[in-house]
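Residue numbers (my numbering): 3 to 591.
A virtual CB, placed ideally from N, CA and C, is assigned to each residue, including glycine.
These numbers were taken from a predicted model, which means no experiment stands behind them.
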Amino acid sequence: MMPAPRIHCRTPTGAKPFMLQSFFPRPWTLPVLLLTGLALVACQVPPSTAATRTATPPAQIVYAMYQEPEHLNPLLASQTVASEVGSLVVEGVLGLDPEGQNYPELARVVPSVENGGVSATGLTLDYVLRDDVLWSDGEPLTCDDLLFTYEAATDPDSGAVRRTGWDRIDSVTCMDDFHAVIQFAEFYAPFLGLFHAVLPRHATGAPAEMTQWAYNRLPVGTGPFRLVEWVSGDHILLAANPRYRDYPAHPRVDQVVVRIVPSREVGKALLRSREIHILRDLTEGDTPEFADLDTVQVHGRPSPRTERLLLNLADPAVPATADPLNHPHPLLGDVRVRQALELAIDKQWIVDNLLYGATEVATSEIGLGWAACNIAASTYDPVQAQALLTEAGFIDGDGDGVRECTGCVHAAEGVPLRLKIQTTSGNRLREDTQVLLTEMLAEVGVDLYIENVPSSELFGSWSSGAFRKHGNFDILMYTTTDGIDPHRQMASYFHSASMPTEANGGVGNNYSRWIDPAADAALDLAGSTPDRAVRVDAYQEVCQLVDTELPHIYLYERGDLHGVLASVTGFQVNPWGNETWNAEEWALN
Numbered sequence: 003m004m005p006a007p008r009i010h011c012r013t014p015t016g017a018k019p020f021m022l023q024s025f026f027p028r029p030w031t032l033p034v035l036l037l038t039g040l041a042l043v044a045c046q047v048p049p050s051t052a053a054t055r056t057a058t059p060p061a062q063i064v065y066a067m068y069q070e071p072e073h074l075n076p077l078l079a080s081q082t083v084a085s086e087v088g089s090l091v092v093e094g095v096l097g098l099d100p101e102g103q104n105y106p107e108l109a110r111v112v113p114s115v116e117n118g119g120v121s122a123t124g125l126t127l128d129y130v131l132r133d134d135v136l137w138s139d140g141e142p143l144t145c146d147d148l149l150f151t152y153e154a155a156t157d158p159d160s161g162a163v164r165r166t167g168w169d170r171i172d173s174v175t176c177m178d179d180f181h182a183v184i185q186f187a188e189f190y191a192p193f194l195g196l197f198h199a200v201l202p203r204h205a206t207g208a209p210a211e212m213t214q215w216a217y218n219r220l221p222v223g224t225g226p227f228r229l230v231e232w233v234s235g236d237h238i239l240l241a242a243n244p245r246y247r248d249y250p251a252h253p254r255v256d257q258v259v260v261r262i263v264p265s266r267e268v269g270k271a272l273l274r275s276r277e278i279h280i281l282r283d284l285t286e287g288d289t290p291e292f293a294d295l296d297t298v299q300v301h302g303r304p305s306p307r308t309e310r311l312l313l314n315l316a317d318p319a320v321p322a323t324a325d326p327l328n329h330p331h332p333l334l335g336d337v338r339v340r341q342a343l344e345l346a347i348d349k350q351w352i353v354d355n356l357l358y359g360a361t362e363v364a365t366s367e368i369g370l371g372w373a374a375c376n377i378a379a380s381t382y383d384p385v386q387a388q389a390l391l392t393e394a395g396f397i398d399g400d401g402d403g404v405r406e407c408t409g410c411v412h413a414a415e416g417v418p419l420r421l422k423i424q425t426t427s428g429n430r431l432r433e434d435t436q437v438l439l440t441e442m443l444a445e446v447g448v449d450l451y452i453e454n455v456p457s458s459e460l461f462g463s464w465s466s467g468a469f470r471k472h473g474n475f476d477i478l479m480y481t482t483t484d485g486i487d488p489h490r491q492m493a494s495y496f497h498s499a500s501m502p503t504e505a506n507g508g509v510g511n512n513y514s515r516w517i518d519p520a521a522d523a524a525l526d527l528a529g530s531t532p533d534r535a536v537r538v539d540a541y542q543e544v545c546q547l548v549d550t551e552l553p554h555i556y557l558y559e560r561g562d563l564h565g566v567l568a569s570v571t572g573f574q575v576n577p578w579g580n581e582t583w584n585a586e587e588w589a590l591n
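The following block contains the structure:
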């Protein structure tokens, strides 16, 4: 066997080099990983020069994912895979690097108070755009495209999935073709996170018709690649954009093929056989399979990703209700039932046996970064779980092992404690976790049954009738990721104003339909002050309220792990952004 390639990692000035033990917070339970020296790399060998590329034949990188995007409009997308593919084509004013630092993308500089780009009050933001950027169809990027993006994000009929932050903007004014002044009506702490993607006015349509744009499946962008072909269920072909501002030096490959595979298991087999170059989203339990392969490297970094159960507190029979307090879920509307579910789950056993002890039990929405919450891990106590269910009026009166409503608060007498759990199909870790959850909850008299769906169905838009958006579910299981500034994530998932309803056009991610005035007040405070200490305390309060009320039950933390052939250079894991964030640097050696 050839020796494993030597990996050299760059770290920011003053930062500690990335080490295996720094990613995995506890010792490995599989000694084989230590013996074989599995390389988990947070950065990559510096890519060769552009001149080297010109001497090589046309190159193609195959990037595999086991979920398919519903569309690629960044204002409509709620799937991670949509962002991954979309960022190959669409750029923002600023980007985020792997250390969580903003860098200029379409802007010339990152605005700050020091350079005059941000007013002392934080209410005025100046973006000076590059004047050498063309859309892939040849039209120039101008300030008017920023104005249009704002119009599309805030139009009440556009279907945009989030308005948090956008609704704080009072005006966007174009001083000239390359100078935008954004005036906020009130301070919004993560203001640099807005305009993370810019849309072209000339190649889209009316904002109120955004869900019907042809652009959604064939976006025109300023990025290093342009979309050439999309064969649903099979692949998305992207070619180097000849109008990219750094062409022909970048991108360094001629094509990226996004291959849609039916499952992570199939993807791993294709990676081992070298039929694909990159497999997105491995789990901690997958890494041992590549420990003895010198052809594959597992790139990994700590990440803010957490796998959770998202509980619907509203009655699924009353679609998209904005009044869950008067229309509670017949079973999950009682906090004692939610508490019992958490007590019945042995999270540490799941971590030790499905993830090889290579991560930790998750405890809150913010597990990493400057605003990380300090919440104690839940205990495993099935005896207390049964006591709570009995207290809530759920008793197994007929001896079939499933409790029924016997004087419970919200359900009719005799209704069994039966709940549906759903996640994305093709994800072995989630499927194995579901099986364990059904067994654990059966021990306390809860009948949990599985009904999984494709990613595009689970994470679909309001206009497509997606059941997550419309509140037609009991329990969902998936991973979400905070940004370096967690406010948009926190406000979107936990503020009462973020419940998707008919009235707001389905905007927001508060799918649990959780309402807590104290949480709303803390979130409002966190988003309206530049004082980080105040913000940290506010997020901590929200995390504690979530831990008490349990609209979400957190299971385990997820590292940012991806399988990459050793022949690929330039791939760099970015826990704060997309893995395609620097795809213009990807190359083959």
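I need the straight-line Cα distance from residue i to residue j, nearest angstrom please.
i, j, result
"I352", "T408", "32 angstroms"
"P29", "D133", "Only weak support exists for where P29 lies, its pLDDT of 29 falling under 50; the value from the coordinates is given anyway. C-alpha separation (whole angstroms): 51 angstroms."
"L527", "V544", "11 angstroms"
"D147", "V268", "41 angstroms"
"H331", "A316", "4 angstroms"
"R203", "I184", "18 angstroms"
"R274", "V300", "12 angstroms"
"L345", "G225", "47 angstroms"
"K349", "R110", "47 angstroms"
"A521", "E286", "33 angstroms"
"N75", "E393", "48 angstroms"
"W178", "L149", "Per the sequence shown, residue 178 should be read as Asp rather than Trp. Approximately 12 angstroms, taken between the alpha carbons."
"A499", "G510", "8 angstroms"
Once you ignore the five residues that flank residue i on each side, which residues in its own chain have a CB closer than 7 angstroms to its CB?
i, result
"E581", "E86, R282, H564, V575"
"F573", "Q46, I280, H301, V566, W588"
"A205", "W137, D139, Y217, V222"
In the structure shown, what three-state DSSP assignment does residue i receive?
i, result
"G88", "helix"
"V404", "coil"
"W583", "coil"
"L450", "strand"
"T82", "helix"
"M501", "coil"
"S305", "strand"
"Q424", "strand"
"Y217", "helix"
"F189", "coil"
"P142", "strand"
"T645", "This structure leaves residue 645 out entirely; the chain is present only between 3 and 591."
"L125", "coil"
"D172", "strand"
Starting from residue i, trace the beta strand (DSSP E) in both directions and tell me its first and last residue.
i, result
"V548", "Premise fails: V548 lies in the alpha helix (DSSP H), 534 to 551, not in any beta strand (DSSP E)."
"V258", "257 to 262"
"I352", "Run containing I352: none in the beta strand (DSSP E); it sits in the alpha helix (DSSP H), 349 to 356."
"A66", "62 to 67"
"F227", "227 to 233"
"M442", "Here M442 belongs to no beta strand (DSSP E); instead the alpha helix (DSSP H) covers 430 to 444."
On the criterion of 16 or more Cβ atoms from any shown chain inside 10 Å, does residue i qualify as buried, or is it exposed?
i, result
"P553", "buried"
"S234", "exposed"
"N328", "exposed"
"E211", "exposed"
"D484", "buried"
"G395", "buried"
"M479", "buried"
"N117", "exposed"
"A155", "buried"
Considering residue i, what are the terminal residues of the alpha helix (DSSP H) in which it resides?
i, result
"H489", "489 to 496"
"T152", "Looking at the sequence itself, residue 152 is Tyr, so the reference to Thr does not match. 145 to 156 is the extent of the alpha helix (DSSP H) around Y152."
"V385", "384 to 393"
"E344", "337 to 345"
"V268", "266 to 274"
"A520", "519 to 529"
Which residues in the same chain have their Cβ closer than 6 angstroms to the Cβ of residue i, if we skip the five residues on either side of it in sequence?
i, result
"T166", "R490, A493, S494"
"G579", "L98"
"G207", "W215"
"W583", "N576"
"R420", "D449"
"V593", "In the structure as shown, the chain starts at 3 and stops at 591, and residue 593 therefore has no counterpart that could be examined."
"S530", "F189"
Considering only residues of the same chain and omitting the five flanking positions on each side of residue i, which have a CB-CB separation below 8 angstroms?
i, result
"Q62", "V255, D256, Q257, V258, V259"
"D400", "E406"
"P318", "H331, G473, N474, F475, D476"
At a cut-off of 8 angstroms, is residue i close to the ligand GDP when judged by its beta-carbon and the heavy atoms of the ligand?
i, result
"L311", "As presented, the structure is devoid of all ligands, the ligand GDP included, so that no description of it is given."
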